[in-house]
DNA sequence: CATAATATCGTACATTTGTACAAGCTGTCA
DNA sequence: TGACAGCTTGTACAAATGTACGATATTATG
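Protein chains in written order, with this note's numbering: chain W, 5 to 128; chain P, 5 to 128.
See the structure below:
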């Protein structure tokens with residue numbers, strides 16, 4: 005079930021889309037509230053971003069009362085796959101190992117986590 | 005030894021900067037040749053990107069004959085740290101675990117790699 | 001030394017991105 | 001049912017991004 009090719013996501017759009025996934029269904033308000041404290045952007049801005057996400061096909065909405073309730077129209081896996089792929093290409097020429105290494109060294113990953121990962125890697 | 009706050013890198017700039025690191029010292033030509041086959045952009049475009057990287061402080065250059073030889077002015081670690089951090093924030097709300105998981109499941113990581121990572125994680 | 005070849009520089013420009021105001025709907029509550 | 005609060009829509013706009021042409025400078029070459 006291969007997905008259609010969707011237009012690229014801008015960084016901010018990605019951020020908003022993540023929140024939509026996290027909330028499952030969300031109004032503009034909901035998204036605003038869920039924004040990390042460090043990253044406060046205006047209601048109107050979030051609106052525009054959601055509009056653009058909809059135009060690009062990443063979310064849809066349904067009307068509930070006077071509010072629009074947005075929900076993702078694509079599986080996060082799909083977007084993650086592309087995003088990680090692009091990121092890896094750009095910063096590491098596509099090789100995932102250096103990224104893993106970086107995360108292992110600096111990202112608070114502990115031995116237990118790695119054990120779990122090992123199981124995952126083994127399974128597939 | 006904390007680094008100055010450098011302006012943000014655009015995706016394309018990041019890509020070019022990576023090649024400069026990889027080549028250590030590089031002319032515009034060198035960078036062009038090193039571009040992945042899939043991603044051919046014009047000489048002039050690479051030039052502009054290098055110019056912008058220099059203006060932003062990420063690279064410097066020295067003249068050799070008629071050619072400019074560019075070289076990185078910042079340690080890759082620094083840029084990687086910021087890039088990975090931003091990426092993580094945007095796509096995973098800052099949590100590195102899901103990314104590790106994704107890489108373990110889909111990125112061609114094998115048990116041996118994981119062993120190495122474990123050692124790294126343990127060391128720090 | 002004149003010229004061809006090769007680089008760089010200045011400049012340009014269409015898009016995309018981030019951000020937001022103002023005006024117009026639409027339920028809701030007194 | 002009329003006014004209000006809350007939403008959406010349309011529109012705007014500066015800055016960043018991706019891409020590149022044309023003019024100019026410099027080196028090597030015959």
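The beta carbon of each residue, even a glycine, is placed where N, CA and C say it ideally should be.
Distance from residue 24 of chain P to residue 36 of chain P at the Cβ level is roughly 12 Å; contact not present, criterion being Cβ atoms closer than 8 Å. For the stretch 33-46 of chain P, no residue has a beta-carbon sitting nearer than 7 Å to a beta-carbon of chain W. Per DSSP, the continuous beta strand (DSSP E) segment holding residue 67 of chain P begins and ends at 63-68. With a cut-off of 8 Å on Cβ pairs, the stretch 64-73 of chain P is not in contact with the stretch 57-74 of chain W, counting fewer than three such pairs. Between the C-alpha atoms of residue 29 of chain W and residue 18 of chain W there is a straight-line separation of about 16 Å.
Under the Cβ distance rule, residue 11 of chain W does not count among the residues neighbouring chain P, no pair being separated by less than 8 Å.
Scanning chain P for C-beta atoms nearer than 9 Å to the C-beta of residue 56 of chain W yields nothing, as the closest lies near 16 Å away. The beta carbon of residue 95 of chain W lies closer than 8 Å to those of 103 in the same chain, with the five residues before and after it left out. Considering only P:22, P:16, P:14, P:15, the residue with the shortest C-alpha distance to residue 78 of chain P is P:22. Scanning its chain for C-beta atoms nearer than 7 Å, with the 5 sequence neighbours on each side dropped, one finds around residue 53 of chain P the residues 16, 17, 20, in chain order.
For the set P:88, P:41, P:45, the Cα lying nearest the Cα of residue 109 of chain W is the one of P:88. Counting only the Cα atoms, residue 72 of chain P lies some 29 Å from residue 90 of chain W. Apart from the 5 residues on each side of it in sequence, residue 38 of chain P sits with its Cβ closer than 8 Å to the Cβ of 23, 26, 27, 30 in its chain, given in chain order.
Residue range 71-76 is occupied by the beta strand (DSSP E) that includes residue 76 of chain P. Interface flag for residue 74 of chain W against chain P is unset, since no Cβ pair is found closer than 8 Å. For residue 37 of chain P, the enclosing alpha helix (DSSP H) has its first and last residue at 32-38. A direct Cα-Cα distance of roughly 19 Å separates residue 121 of chain W from residue 92 of chain W. The residue from W:42, W:105, W:116, W:32 with its alpha-carbon nearest to that of residue 58 of chain W is W:32.
In its chain, beyond the 5 residues on either side, 24, 30, 54, 63, 65 have a beta carbon closer than 6 Å to the beta carbon of residue 74 of chain P.
In the assembly as shown, residue 11 of chain W is an exposed residue. Its beta-carbon has fewer than 16 other beta-carbons within 10 Å. Put simply, the CB of residue 28 of chain P is far from chain W, with every gap to its CB atoms at 8 Å or more.
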